[in-house]
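Below is one structure, written out as structure tokens; the observations come after it.
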Amino acid sequence: MNFKLISNFKPSGDQPEAIEKLVKNLKKGIKYQVLLGVTGSGKTFTLANVIEKINKPVLVLSHNKTLAAQLYGEFKSFFPNNKVEYFISYYDYYQPEAYIPATDTYIAKELSVNSEIERLRIKATSSLMSGRNDVIIVSSVSCIYGIGNPKDFYDSILNIKINQKINKEEFLLKLVDILYWRTEDNLVFGSFRVRGENVDIQLTTENEALRVVFFNNKIIEEIYTFNTITNKKIEDYEEFNIYPANVFLTTRQKVEKAIKEIERDLEKQINYFMRQGKIIEAKRIKERVSLDIEMLRELGYCSGIENYSRYFDGRPPGCRPFCLLDYFQKDFITIIDESHVTLPQLKGMYNGDKARKEILVEYGFRLPAALDNRPLKFEEFFELVNQVIFVSATPAEEEIKLSNGIVIEQLVRPTGIVDPEIEVRPSQYQIDDLIKEIKKRINKNQRILVTTLTKRLAEELSKYFNEINIKSAYIHSDLDAIERVEIIEKLRKGEIDVLVGINLLREGLDLPEVSLVAILDADKEGFLRSERTLTQIAGRAARNVDGKVIMYADKITDSMKKTIEETNRRREKQIKFNLLNNITPTSIKKSIKNIFDEVLPKSTYSYETSKTFSLLVSENVAKYSSIKDLEEMVNNAKKKMEEAAEKFNFLEAIQYRDEMFALQKILEKKKNENTK
84 MNFKLISNFK
94 PSGDQPEAIE
104 KLVKNLKKGI
114 KYQVLLGVTG
124 SGKTFTLANV
134 IEKINKPVLV
144 LSHNKTLAAQ
154 LYGEFKSFFP
164 NNKVEYFISY
174 YDYYQPEAYI
184 PATDTYIAKE
194 LSVNSEIERL
204 RIKATSSLMS
214 GRNDVIIVSS
224 VSCIYGIGNP
234 KDFYDSILNI
244 KINQKINKEE
254 FLLKLVDILY
264 WRTEDNLVFG
274 SFRVRGENVD
284 IQLTTENEAL
294 RVVFFNNKII
304 EEIYTFNTIT
314 NKKIEDYEEF
324 NIYPANVFLT
334 TRQKVEKAIK
344 EIERDLEKQI
354 NYFMRQGKII
364 EAKRIKERVS
374 LDIEMLRELG
384 YCSGIENYSR
394 YFDGRPPGCR
404 PFCLLDYFQK
414 DFITIIDESH
424 VTLPQLKGMY
434 NGDKARKEIL
444 VEYGFRLPAA
454 LDNRPLKFEE
464 FFELVNQVIF
474 VSATPAEEEI
484 KLSNGIVIEQ
494 LVRPTGIVDP
504 EIEVRPSQYQ
514 IDDLIKEIKK
524 RINKNQRILV
534 TTLTKRLAEE
544 LSKYFNEINI
554 KSAYIHSDLD
564 AIERVEIIEK
574 LRKGEIDVLV
584 GINLLREGLD
594 LPEVSLVAIL
604 DADKEGFLRS
614 ERTLTQIAGR
624 AARNVDGKVI
634 MYADKITDSM
644 KKTIEETNRR
654 REKQIKFNLL
664 NNITPTSIKK
674 SIKNIFDEVL
684 PKSTYSYETS
694 KTFSLLVSEN
704 VAKYSSIKDL
714 EEMVNNAKKK
724 MEEAAEKFNF
734 LEAIQYRDEM
744 FALQKILEKK
754 KNENTK
């Protein structure tokens, strides 16, 4: 299937030229190139046009989950009939295993896995294994971390057909082999149940369930998807691929082989420590690994099993792990968004992981094989990718050097908006001056961003603004992703007028309502006031026709000077284009919605409906429901509560929780009555 771009817009400004050059370079086989696109120039739309014309699988790499969610939503809207998937770390919370020798402190691994994101990861790998060309995977740097062997995953795909002769019990065993589990209750992702001749499977790759109907328990008679709530048939199939429920697959034979190798390496490590006179380390590694081996023999699994991944994969020492990139076809395109940030992040992953694990190995907490469960090295990443487009408004020297200077500029915005004017004002009395400017924007129903150098100042300044009746909030790394997104929504809706932060770039802010960006202490040279950062910050005001940047400083640094000069160069080109094409700049109109809705759409079950239903339940259900019915209703309420929470519909989740509690009380009361 080919990519089909669906949009009400056509390329405009200098998008057509950028699309033509990018496509031409890709067809010529050029490996690296840079798309230098200013904020608001429609870089994602340009790339969507390139993807449609090239028609190859695509990896879109972003440096944080929030931006990845935004890109996922945009590409999914452009390609609704193609496979657009989301692949990020499935940990809501992750504390890696570590040891601090100076204080003799061992920190055990702690984690919380988001099952919905885990499902989306499996869906992404399944799409890549489907053989289709029209696949876009939007990913964080999670894609360079180890996952299961793609050959094992591919070999485990269960293909079924109408009239296929297969014993039902044999079919159930095959489902278990690919990590589906049997349940007698409601279906959840990765589970199956048996009802007479029917086997119902809640696929990990689809929202609907699959029903396989057997004739005489020996022949597959029907295959169709159905709605688990209404039991209504959705679509019939002659043939269907059931993808594994997890990317980490193994067999009992592989486990036994791995155990032998682990035992061999354990003996080597004990001998090594004893020769070094490290008796404590020798005892520690023997106890820890022996316990893991016992768990592997009994259960086929142990805590920290990823540290033994090399043995299960059959990789030699020092060999990189399998990762998402191994699931792609050989010929695919990689788009690295915000490359000036993403590339340094890719570089840092391996070194940080190695430093932590070397200490664990040195002090006998892990075998040396743990070092081979790691993210890719920077060089390994580039060995796996084919053709790469670096995308940034301020590309760094790294990507420009890799691209041999092939930089395609996209400076003109389709809306005709020019880069904001930059004005430098003295830092003395900067807050008083800023308040005057803020009030001017509030009177026009516009928003303001203020950047500071410290968290403390961001918090104190926001607090001060609120004290003088300027609705304000601060935003920084101590707030989780959901809180940050909610604050940004409030800013756009006008519930707050001023957003204060340290580095507002990391939020991927797309705020057409913002007409003023104020940079405090702009002359304090450093990472937060470098040329690249100042240019990026100034771009936050580039989606509003009244956009303006005020730098508060006592001197003009080299970074400020270069930012002002580059901004003026872009303004000159943009103004000239508008005059030649008779374009009147207009502010971007963008709907206000939570970007996570694109990834995890809201349920159609409304808050008010839930509230009303809960009241009806508490008043009437005790009179008319049996204990069995009540138990099923409790389970249904719990399932809906968990689904709502996973989709970030917290108000809805609270209602389902209250409903569940009410039902549980009624159930307990009824059980007590029956025992009397």
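Residue numbers (my numbering): 84 to 759. Idealized CB from N, CA, C, for every residue including glycine.
Contact check, residue i vs residue j, beta carbons under 9 Å
| i | j | result |
| --- | --- | --- |
| residue 468 | residue 109 | no |
| residue 115 | residue 485 | yes |
| residue 180 | residue 439 | yes |
| residue 303 | residue 352 | no |
| residue 386 | residue 423 | no |
| residue 500 | residue 553 | no |
| residue 516 | residue 524 | no |
| residue 93 | residue 162 | no |
| residue 272 | residue 198 | yes |
| residue 449 | residue 122 | no |
| residue 290 | residue 718 | no |
Three-way DSSP call (helix, strand, coil) for residue i in this model
| i | result |
| --- | --- |
| residue 407 | helix |
| residue 716 | helix |
| residue 95 | coil |
| residue 492 | strand |
| residue 686 | Because residue 686 carries a pLDDT of 38, less than 50, the predicted location of this residue cannot be relied on, and the following value inherits that uncertainty. Here residue 686 sits in coil by DSSP. |
| residue 272 | coil |
| residue 335 | helix |
| residue 706 | With a pLDDT of only 44 at residue 706, under the threshold of 50, the placement of this residue in the model should not be trusted; the figure read from the coordinates follows. DSSP places residue 706 in helix when its eight states are reduced to three. |
| residue 309 | strand |
| residue 698 | Note that residue 698 scores 39 on pLDDT, short of 50, meaning its location in the model is unreliable and no value can be drawn from it. |
| residue 666 | coil |
| residue 468 | coil |
| residue 652 | helix |
| residue 235 | helix |
| residue 101 | helix |
| residue 543 | helix |
| residue 198 | helix |
Residue from the options whose Cα sits closest to the Cα of residue i
| i | options | result |
| --- | --- | --- |
| residue 239 | 256, 268, 659 | 256 |
| residue 653 | 581, 492, 509 | 492 |
| residue 710 | 725, 750, 741 | 750 |
| residue 156 | 300, 309, 546, 222 | 222 |
| residue 333 | 665, 193, 613, 234 | 234 |
| residue 650 | 621, 454, 722, 668 | 621 |
| residue 132 | 634, 103, 525, 587 | 103 |
| residue 421 | 106, 607, 616 | 616 |
| residue 511 | 373, 576, 636 | 636 |
| residue 85 | 93, 118, 137, 101 | 137 |
| residue 260 | 267, 546, 275 | 275 |
| residue 216 | 178, 537, 411, 289 | 411 |
| residue 505 | 319, 625, 202 | 625 |
| residue 278 | 265, 287, 288 | 265 |
| residue 570 | 594, 551, 547 | 594 |
| residue 754 | 722, 714, 743, 724 | 714 |
| residue 441 | 472, 489, 390 | 390 |
Rounded Cβ spacing between residue i and residue j (contact assumed at less than 8 Å)
| i | j | result |
| --- | --- | --- |
| residue 168 | residue 139 | Not really, about 15 Å apart at Cβ, beyond 8 Å. |
| residue 184 | residue 446 | 7 Å |
| residue 457 | residue 437 | 7 Å |
| residue 580 | residue 531 | 6 Å |
| residue 598 | residue 631 | 7 Å |
| residue 640 | residue 606 | 5 Å |
| residue 396 | residue 232 | 5 Å |
Close Cβ partners of residue i (< 7 Å) along its chain, the five nearest in sequence each way excluded
| i | result |
| --- | --- |
| residue 541 | 535, 557, 559, 583, 584, 585 |
| residue 394 | 341, 344, 345, 452 |
| residue 191 | 180 |
| residue 95 | 497 |
| residue 699 | Bear in mind that the predicted position of residue 699 carries a pLDDT of just 40, short of 50, making it too unreliable to give a figure here. |
| residue 318 | 307, 308 |
| residue 658 | 501 |
Cutoff 8 Å; reference residue i; Cβ partners in own chain excluding five residues on either side
| i | result |
| --- | --- |
| residue 41 | One cannot answer for residue 41 here, as it falls past the ends of the chain, which runs 84 to 759. |
| residue 425 | 144, 145, 146, 224, 419 |
| residue 460 | 403, 433 |
Contact set for residue i: own chain, Cβ-Cβ below 6 Å, skip 5 residues either direction
| i | result |
| --- | --- |
| residue 188 | none |
| residue 705 | Confidence at residue 705 is low in this model, with a pLDDT of 42, below 50, so the placement of that residue should be treated as unreliable; the coordinate-derived value is given next. The residues are 749. |
| residue 325 | 241 |
| residue 220 | 142, 168, 170, 207 |
Cβ-heavy atom distance, residue i to the ligand NAP, below 8 Å
| i | result |
| --- | --- |
| residue 183 | The ligand NAP is not part of this structure, which contains no ligands at all. |
Residue i at chain B interface by Cβ criterion, 9 Å
| i | result |
| --- | --- |
| residue 352 | Annotation note: the requested chain B is absent from the structure, which comprises a single protein chain. |
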